[in-house]
Amino acid sequence: MRRRIRYPGLTLHALVVGVPLVLFAVLVLTDRGGGANIGAGLVLIVVLALGFPWSLPVFLDPDAVGELPGVLRYAAYVGPALLWIGVHVLVRRRHVPR
Numbered sequence: 002m003r004r005r006i007r008y009p010g011l012t013l014h015a016l017v018v019g020v021p022l023v024l025f026a027v028l029v030l031t032d033r034g035g036g037a038n039i040g041a042g043l044v045l046i047v048v049l050a051l052g053f054p055w056s057l058p059v060f061l062d063p064d065a066v067g068e069l070p071g072v073l074r075y076a077a078y079v080g081p082a083l084l085w086i087g088v089h090v091l092v093r094r095r096h097v098p099r
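If you're matching positions, the sequence shown starts at 2 in the working numbering and goes up one per residue.
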């Protein structure tokens with residue numbers, strides 16, 4: 002029996018954002034230090050683009066964000082992309098006929 006995906010747009014959105022977020026987390030957590038983590042940087046560009054325009058401060062002044070403590074810095078990196086998923090959920094709830 003085939004299962005029908007209830008919200009295909011939201012599911013696709015979550016996958017498009019979730020895959021780079023997981024990849025970014027794996028690259029950051031497995032970094033042994035001692036150099037630039039180019040792979041994580043490239044994936045971070047994708048994650049920041051998915052959070053645009055909320056990620057604009059990171060693009061405009063990356064040094065200011067880089068000086069934040071660890072948790073706040075990573076929240077500034079991934080938060081905007083997650084915010085768009087939350088907005089998608091809210092719009093979906095508001096405009097779905099019941």
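C-beta: ideal position from N, C-alpha, C; glycine also.
As the structure is a prediction and not an experimental result, all values here were calculated from the model.
Item                                                                           : Value
Contact belief for W85 with L45 at Cβ below 8 Å, rounded distance in angstroms : No, W85 and L45 are not in contact; Cβ-Cβ is about 16 Å, not under 8 Å.
Beta carbon of A37 nearer than 8 Å to that of V29                              : no
Separation of R3 from L61, as counted between CA atoms                         : 47 Å
F53 - DSSP class collapsed to helix/strand/coil                                : coil
Per-residue DSSP class, three states only, for T12                             : helix
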